[in-house]
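Q: Would you mind keeping the following structure in view while I ask a few things?
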Amino acid sequence: MYDPLIEQAIASGQGYPDSYWASVSGEPPVSKDRLTEDLDTDVVIIGAGYTGMSCALHLQRDFNITPVVIEANQTAWGCSGRNAGFILKSTGRKSWTQMQKHWGDPVMRMVYQEAVEGVERVHGFINEGIDCDVQQPGYIRIAHKPNKMRELEAQASLLSSMFGYHVDILSRTQVHQQYMNDENAHGAIRFEDGVGINPLKLAFGYHDLLNKAGVDVYTNTPAVSIEQYGNRYRVITEHANISCDKVVIATNGYTPKGFDSSVANKTLPVLSQIIVTEPLTEAQLQACNFITSNVVMDTRALKYYYRKLPDNRILFGGRGAITGKSADDPYYAERLLQELKRSFPPLADVRYQYRWSGWICMSLDDIPHIAQAEGSKGIFYAMGYCGNGVSFAVQAGKRLADKVAGRAVPDIPLYNRQLVPFPMPAFRRIGQWAYFHYGKFADQFL
Ligand SMILES: Cc1cc2nc3c(=O)[nH]c(=O)nc-3n(C[C@H](O)[C@H](O)[C@H](O)COP(=O)(O)OP(=O)(O)OC[C@H]3O[C@@H](n4cnc5c(N)ncnc54)[C@H](O)[C@@H]3O)c2cc1C
Numbered sequence: 000m001y002d003p004l005i006e007q008a009i010a011s012g013q014g015y016p017d018s019y020w021a022s023v024s025g026e027p028p029v030s031k032d033r034l035t036e037d038l039d040t041d042v043v044i045i046g047a048g049y050t051g052m053s054c055a056l057h058l059q060r061d062f063n064i065t066p067v068v069i070e071a072n073q074t075a076w077g078c079s080g081r082n083a084g085f086i087l088k089s090t091g092r093k094s095w096t097q098m099q100k101h102w103g104d105p106v107m108r109m110v111y112q113e114a115v116e117g118v119e120r121v122h123g124f125i126n127e128g129i130d131c132d133v134q135q136p137g138y139i140r141i142a143h144k145p146n147k148m149r150e151l152e153a154q155a156s157l158l159s160s161m162f163g164y165h166v167d168i169l170s171r172t173q174v175h176q177q178y179m180n181d182e183n184a185h186g187a188i189r190f191e192d193g194v195g196i197n198p199l200k201l202a203f204g205y206h207d208l209l210n211k212a213g214v215d216v217y218t219n220t221p222a223v224s225i226e227q228y229g230n231r232y233r234v235i236t237e238h239a240n241i242s243c244d245k246v247v248i249a250t251n252g253y254t255p256k257g258f259d260s261s262v263a264n265k266t267l268p269v270l271s272q273i274i275v276t277e278p279l280t281e282a283q284l285q286a287c288n289f290i291t292s293n294v295v296m297d298t299r300a301l302k303y304y305y306r307k308l309p310d311n312r313i314l315f316g317g318r319g320a321i322t323g324k325s326a327d328d329p330y331y332a333e334r335l336l337q338e339l340k341r342s343f344p345p346l347a348d349v350r351y352q353y354r355w356s357g358w359i360c361m362s363l364d365d366i367p368h369i370a371q372a373e374g375s376k377g378i379f380y381a382m383g384y385c386g387n388g389v390s391f392a393v394q395a396g397k398r399l400a401d402k403v404a405g406r407a408v409p410d411i412p413l414y415n416r417q418l419v420p421f422p423m424p425a426f427r428r429i430g431q432w433a434y435f436h437y438g439k440f441a442d443q444f445l
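Take a look at the structure:
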């Protein structure tokens, strides 16, 4: 599998992974395939995931700027077509408690407002007619150990007092009786407004809106490099060049090694793995009291997440391999299946039918960065959602568009700071390996 920490370039012409989403979402919308002739335009957006497509839509709709979008492979070939489809009010990995401590109440409130707008923005697009199998709303965060309930209760109380955001607190019995009989759940908190969708259909919907708006998306067109000439830029692609005033890098965890100095060595791509089981029978569902289609995540440092899909399959996810080379090793899918069975012992005989993984994009300070590259006249980027980008990447796309058009954006660390370089970037994988070991220890003993 492509490994962005090792490979200098991303190949074109790669199909979607053999995922459940690819099997139920139909064909991608029509795109312009493979750019073969030079172009001259105002803005080039590199990457057709949620970030790139949202930025393109907002440039077109809010500022009447028609960009050109180029994508190395297919629409949403990266994370946007591979994720678990949880729409959550979130902005990276930094907790609200840490934001309050590091930045103070006013900034934390502004960040919360951006998270709220991200979710509203996605629902706004869905309401324009995107059919992406929206499920019953609700996000359940389960305590994987009894002592984790204290942390969840503190989080609920902070959200309620700071933002008036009501969160239900559920005992183990309530979780088991009203939602699902997860043996690993020792209580939970439940947010009314998280929801599960089909992420690839959502991305296809964004692409349809771009087609309607007359924005060209060139698939199978990897950017090789960005060159500056005078006040302008030239994006060098495999077969042709695009001259432009501004460039947006929306390549997130799939950015090839050393692609551009504005982002090189400033993120850590980490594999998240998903399995999808065969459809559960009525007897299996009843045995697990699996009533809910809410999206579920636990309190582990190395989190597991799951949801029941519209056809009664279970999607179950967690960390994957460390390198691209080992990504397809069935060991990682098997590990998830065993964890699913520990949560739901009546599923002892269940098998998985799909497995795949994708590169989430970690930043050193656990927050996404949406920025004009330092010292550049016209290079912009947004990345580092730390596995929380279904809604926030869309908000980031909006704020990128504002920046490209010269509009002010809220003065918060997500928008006013550059990505932070990793110290000793060559050793990022060793750091990740050490964190996984710490996480295993913490999840068992702390
Ligand atoms: C397994 C998994 C589960 C997840 N689950 C959730 C979830 O439930 N909820 C949630 O909020 N988030 C989740 N995420 C994270 C979320 O999917 C991402 O944050 C989001 O999709 C990022 O969108 P993006 O457009 O920035 O990046 P991507 O969707 O990764 O798009 C980047 C695109 O850039 C292209 N590209 C790269 N280099 C070049 C180049 N040189 N030239 C041209 N194109 C290039 C790639 O091909 C890719 O299509 C999950 C991620 C994974 C992997």
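Residue numbers (numbering that gives the first Met the number 0): 0 to 445. Note that the Cβ used here is the ideal one computed from N, Cα and C, for glycine as well. Model, not experiment: these values are computed from the prediction.
1) Could you check whether the Cβ of residue 14 sits closer than 8 Å to any Cβ belonging to chain B?
2) Can you look up residue 314 in the DSSP assignment and give me helix, strand or coil?
3) Hey, how far is the Cα of residue 348 from the Cα of residue 376?
4) Does the Cβ of residue 331 lie closer than 7 Å to at least one heavy atom of ligand 1?
5) Among the candidates 129, 116 and 170, whose CA atom is the shortest distance from the CA of residue 485?
6) Is it true that the stretch 384-404 meets the stretch 46-66, where meeting means three or more beta-carbon pairs spaced less than 8 Å apart?
7) To test your reading of the DSSP string, which unbroken beta strand (DSSP E) runs of 3 or more residues are found completely within the stretch 253-292?
8) Cβ of residue 423 versus every heavy atom of ligand 1: is any distance shorter than 7 Å?
9) From the DSSP output, in three-state form, read off residue 206 for me.
10) Distance, Cα to Cα, residue 100 vs residue 107?
11) Could you pull the DSSP bridge partners for residue 9 from this structure?
12) Would you report the Cα separation of residue 183 and residue 217, rounded to the nearest angstrom?
13) If you drop the 5 nearest sequence neighbours on each side, which residues of the same chain put their C-beta closer than 8 Å to that of residue 109?
14) Only counting the same chain, and skipping five residues up and downstream in sequence, which positions put a Cβ closer than 8 Å to that of residue 309?
15) Between the Cα of residue 129 and the Cα atoms of 361, 62 and 24, which residue gives the shortest distance?
16) Under the criterion of a Cβ to heavy atom distance below 7 Å, does residue 5 qualify as lining ligand 1?
17) What does DSSP give as the partner residues of residue 368 in its beta bridges?
18) Quick test of the definition: if touching needs 3 or more C-beta pairs under 8 Å, does the stretch 0-7 touch the stretch 247-258?
19) Once DSSP output is grouped into helix, strand and coil, what is the label at residue 182?
20) Pull up the distance between the alpha-carbon of residue 30 and that of residue 211, whole angstroms please.
21) Can you tell me the Cα-Cα spacing of residue 163 and residue 32, whole angstroms?
A: The answer reads as follows:
1) No chain B is present in this structure, which holds just one protein chain.
2) Here residue 314 sits in strand by DSSP.
3) If I take the Cα positions, the gap works out to 59 Å.
4) No.
5) Because residue 485 is not part of the residues shown, which for the chain are 0 to 445, the question remains open.
6) Contact between the stretch 384-404 and the stretch 46-66 is present, because at least three Cβ pairs lie under 8 Å.
7) Counting only runs of 3 or more, we get 266-276.
8) Here the distance from the Cβ of residue 423 to the nearest heavy atom of ligand 1 is not below 7 Å.
9) In the three-state DSSP reduction, residue 206 falls in the helix class (H, G or I).
10) Straight-line spacing of the CA atoms in residue 100 and residue 107 works out to 9 Å.
11) Looking at the DSSP assignment, residue 9 forms no beta bridge with any residue, so it has no partner.
12) One C-alpha to the other measures close to 46 Å.
13) The beta carbon of residue 109 sits closer than 8 Å to the beta carbons of 409, 410 and 411 from its chain, once the five residues preceding and following it are set aside; these are given in chain order.
14) Here residue 309 has 132, 134 and 292 as same chain residues with Cβ atoms under 8 Å from its own Cβ, once five neighbours each way along the sequence are excluded.
15) Nearest C-alpha to residue 129 among 361, 62 and 24: 24.
16) Distances between the C-beta of residue 5 and the heavy atoms of ligand 1 are all 7 Å or more.
17) Partner(s): 382.
18) A contact exists between the stretch 0-7 and the stretch 247-258.
19) The three-state secondary structure of residue 182, taken from DSSP, is coil.
20) In this model, residue 30 and residue 211 are separated by some 12 Å (Cα to Cα).
21) C-alpha separation (whole angstroms): 48 Å.
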